[in-house]
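Novice: So for the sequence shown, my numbering puts the first residue at 1; every next one is plus one. This structure is in structure tokens; I'll ask about it shortly.
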Amino acid sequence: MAKMHTRTRGKSGSKRPPHATIPDWVSQTPEEIEQKIIDLAKQGLSSAMIGTVLRDTYGIPSSKLIIKEKITEVMKREGVYPQFPEDFRYLVSRALALRRHLDAHPKDLHSKYGLQKIESKIRRLQKYYQREGVIPMTFRYNPKTAATIVR
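This is the structure:
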């Protein structure tokens with residue numbers, strides 16, 4: 001089945017090679033890695049950015065392999081996970097940027113259509129997260145107050 005807002009069926013990407021053991025070059029202990037995750041989360045980085053920093057700066061190919069938990073699980077356990085999930089905040093920030101663009105260029109109909117598609121994705125994701133109990137049931141997406149979600 002095709003994706004809802006594209007003509008393609010999705011592309012297969014590169015796959016991470018299967019690791020059964022921790023690589024030899026990783027010298028950090030699981031406790032040190034967890035502390036780095038917490039420190040980076042307190043600086044305001046998302047879980048994807050934390051994984052990238054751990055890989056590029058500290059040479060940790062997969063934190064899940066070493067600490068046996070996902071980065072988001074560590075963040076939730078330590079109470080540094082943001083109120084809204086990362087994918088939801090990203091879509092909201094895209095919608096805000098597109099609204100700023102449309103304020104300057106009100107006749108850009110292609111961007112207006114793109115904004116409708118993004119906001120429809122936001123509403124669908126909101127329903128999912130409300131069903132799962134991640135977002136409160138009383139929350140409603142409002143473009144006028146959407147800037148508070150991204151912070």
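Built from N, CA and C at the ideal position, the CB exists for glycine as well.
Give me the Cα-Cα distance between LYS68 and ALA104, rounded to the nearest whole angstrom.
Specialist: The sequence position of residue 68 within the sequence shown is 68, counting from 1. The sequence position of residue 104 within the sequence shown is 104, counting from 1. C-alpha separation (whole angstroms): 48 Å.
Novice: In whole angstroms, what separates the C-alpha of ALA40 from that of SER46?
Specialist: Counting from 1 along the sequence shown, the entry for residue 40 is found at position 40. Counting from 1 along the sequence shown, the entry for residue 46 is found at position 46. One point to set straight first is that residue 40 is Leu, not Ala, in the sequence displayed. Cα to Cα, LEU40 sits roughly 8 Å from SER46.
Novice: For a test of the three-state rule: what should DSSP assign to VAL134, helix, strand or coil?
Specialist: Looking up residue 134 in the sequence shown gives position 134. Residue state, collapsed to three classes: coil.
Novice: Please report the distance separating the alpha-carbon of GLY133 from that of THR148.
Specialist: By one-based count along the sequence shown, residue 133 stands at place 133. By one-based count along the sequence shown, residue 148 stands at place 148. When rounded, the distance between both Cα atoms is 20 Å.
Novice: If you scan the region 30 to 97 from start to end, which runs of the alpha helix (DSSP H) of 4 or more residues do you find wholly inside it?
Specialist: Entirely contained in the region 30 to 97, the alpha helix (DSSP H) runs reaching 4 residues are, in chain order, 30 to 42, 47 to 58, 63 to 67, 71 to 78.
Novice: Should GLN126 be labelled buried (16 or more other beta-carbon atoms within 10 Å of its own) or exposed?
Specialist: On the sequence shown, residue 126 is found 126 positions in, with the first residue counted as 1. It is buried - the Cβ of GLN126 has at least 16 other Cβ atoms within 10 Å.
Novice: For LYS64, which of ASP108, LEU115, THR21, PHE139 has the nearest alpha-carbon?
Specialist: Working through the sequence shown from its first residue, we reach residue 64 at position 64. Comparing Cα positions, the closest option is THR21.
Novice: Can you list, in chain order, the residues of its chain whose CB lies under 7 Å from that of LEU98, leaving out five sequence neighbours each side?
Specialist: Sequence index remark: in the sequence shown, residue 98 carries index 98 (1-based). Closer than 7 Å at the Cβ level, and outside the excluded window around LEU98, lie SER111, GLY114, LEU115, ILE118.
Novice: Should MET137 go down as buried or exposed, given a rule of 16 or more other Cβ atoms within 10 Å for buried?
Specialist: Start at 1 with the first residue of the sequence shown, and residue 137 comes out as number 137. The residue in question, MET137, is exposed, as its Cβ has fewer than 16 Cβ neighbours within 10 Å.
Novice: My assumption, with CB atoms under 8 Å, is that GLY59 sits in contact with TRP25. Please give the rounded CB distance.
Specialist: The residue given as residue 59 occupies position 59 in the sequence shown. The residue given as residue 25 occupies position 25 in the sequence shown. Yes, GLY59 and TRP25 are in contact; Cβ-Cβ is about 6 Å, under 8 Å.
Novice: Could you tell me the boundaries of the alpha helix (DSSP H) in which ILE149 lies?
Specialist: What you label residue 149 is simply residue 149 of the sequence shown in a count that begins at 1. Counting along the chain, the alpha helix (DSSP H) containing ILE149 begins and ends at 147 to 150.
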